[in-house]
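Visitor:
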Amino acid sequence: MSGRARLGWTVAAASACLGVALTLAVRGDGPLPGEVGLSRWAQANTPGILDPVASLLDVLLTDLAAPAVFVLLVALVWWAWGRYPAAVLALAGAATGLTRIADLVERPRPTPSLRWSNYSFGSGGYPSGHAVFVVLVFGTLALLARRHLPGPTGRRLAVAFWGLTALTCWLRVSRLEHWPADILGGVLLSLPALLAVAWLEPRIPRFLANRPFLTRFLGL
Numbered sequence: 588m589s590g591r592a593r594l595g596w597t598v599a600a601a602s603a604c605l606g607v608a609l610t611l612a613v614r615g616d617g618p619l620p621g622e623v624g625l626s627r628w629a630q631a632n633t634p635g636i637l638d639p640v641a642s643l644l645d646v647l648l649t650d651l652a653a654p655a656v657f658v659l660l661v662a663l664v665w666w667a668w669g670r671y672p673a674a675v676l677a678l679a680g681a682a683t684g685l686t687r688i689a690d691l692v693e694r695p696r697p698t699p700s701l702r703w704s705n706y707s708f709g710s711g712g713y714p715s716g717h718a719v720f721v722v723l724v725f726g727t728l729a730l731l732a733r734r735h736l737p738g739p740t741g742r743r744l745a746v747a748f749w750g751l752t753a754l755t756c757w758l759r760v761s762r763l764e765h766w767p768a769d770i771l772g773g774v775l776l777s778l779p780a781l782l783a784v785a786w787l788e789p790r791i792p793r794f795l796a797n798r799p800f801l802t803r804f805l806g807l
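For what it's worth, our numbering labels the leading residue of the sequence shown as 588, then goes sequentially.
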């Protein structure tokens with residue numbers, strides 16, 4: 588195993604372990620130490636110019652709109668780079684089912700006054716669905732951009748996707764849509780899945796070398 592692959596698996600294992608530990612920690616009654624202060628600081632130090640961006644992201648990444656946005660992204664990737672990259676993005680999208688554990692953790696979202704409230708089924712805040720979606724989907728798009736757009740164009744597009752990921756996570760806290768631990772949990776739990784996609788993406792063609800139907804179907 589190469590040093591890069593070993594590092595990737597180490598990061599994935601550490602992220603999964605930390606994600607499980609955080610998931611257990613947030614099941615308590617009340618925010619974790621420092622969450623209220625960090626949320627208040629993020630709210631006070633986020634420029635108002637970002638409000639339209641936050642509103643747009645809220646609309647595009649709701650439970651109803653996100654599937655349509657994802658299908659559109661898969662279609663665009665298929666058109667731009669082919670069937671196999673689109674299939675890789677679809678694989679990453681399947682992992683967004685991680686958000687379903689929200690109803691197991693039963694952690695309420697913050698109120699506008701940053702008070703702890705009662706949990707209601709279907710409105711759990713942990714892990715943040717927005718964080719899971721952007722890490723997996725935008726992270727995979729960044730990977731594909733580097734793979735299929737050589738030179739500075741691919742690098743710039745990848746940086747843009749990662750920047751949008753970070754901005755989305757920040758705005759979910761600053762707009763008091765999530766506690767900071769909700770965002771961190773979403774990142775920690777989705778990162779191993781993203782790293783698995785990154786590991787599989789260059790290897791799947793080799794795994795399917797003896798399956799001509801699948802090879803043709805995926806455009807390999």
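Backbone N, C-alpha and C fix where the C-beta goes; we use that ideal spot for every residue, glycine too.
Whose C-alpha, out of Leu676, Leu795 and Leu637, is nearest the C-alpha of tryptophan 540?
Guide: The structure shown does not extend to residue 540, since the chain spans only 588 to 807, so no value can be given for it.
Visitor: Would leucine 795 pass as a contact of leucine 801 if the rule is Cβ separation under 9 Å?
Guide: It is a contact, given that the beta carbons lie within the stated cut-off.
Visitor: Which one of Leu776, Leu807 and Arg798 has the shortest CA to CA distance from proline 789?
Guide: Cα-wise, what sits closest to proline 789 is Leu807.
Visitor: Specify, as a first and last residue, the run of the alpha helix (DSSP H) that alanine 681 falls within.
Guide: Counting along the chain, the alpha helix (DSSP H) containing alanine 681 begins and ends at 670–681.
Visitor: Three-state secondary structure (DSSP) at glutamate 622?
Guide: Helix.
Visitor: Work out the CA separation of glycine 624 and threonine 597 for me, nearest whole Å.
Guide: Using only the alpha carbons, I get a separation of about 32 Å.
Visitor: My parser needs the alpha helix (DSSP H) runs of 4 or more residues fully inside the region 693–731; what are they?
Guide: Fully enclosed alpha helix (DSSP H) runs of 4 or longer: 716–720.
Visitor: Within 10 angstroms of the Cβ of serine 809, are there 16 or more other Cβ atoms? Answer buried if so, exposed if not.
Guide: Lying before the first or after the last residue shown, residue 809 is absent from the chain, which here runs from 588 to 807.
Visitor: Could you tell me the alpha carbon to alpha carbon distance between alanine 682 and histidine 717, rounded to whole angstroms?
Guide: Answer to the nearest angstrom: the Cα atoms are 13 Å apart.
Visitor: Is it buried or exposed, alanine 662, if we count other Cβ atoms within 10 angstroms and call 16 or more buried?
Guide: The residue in question, alanine 662, is exposed, as its Cβ has fewer than 16 Cβ neighbours within 10 Å.
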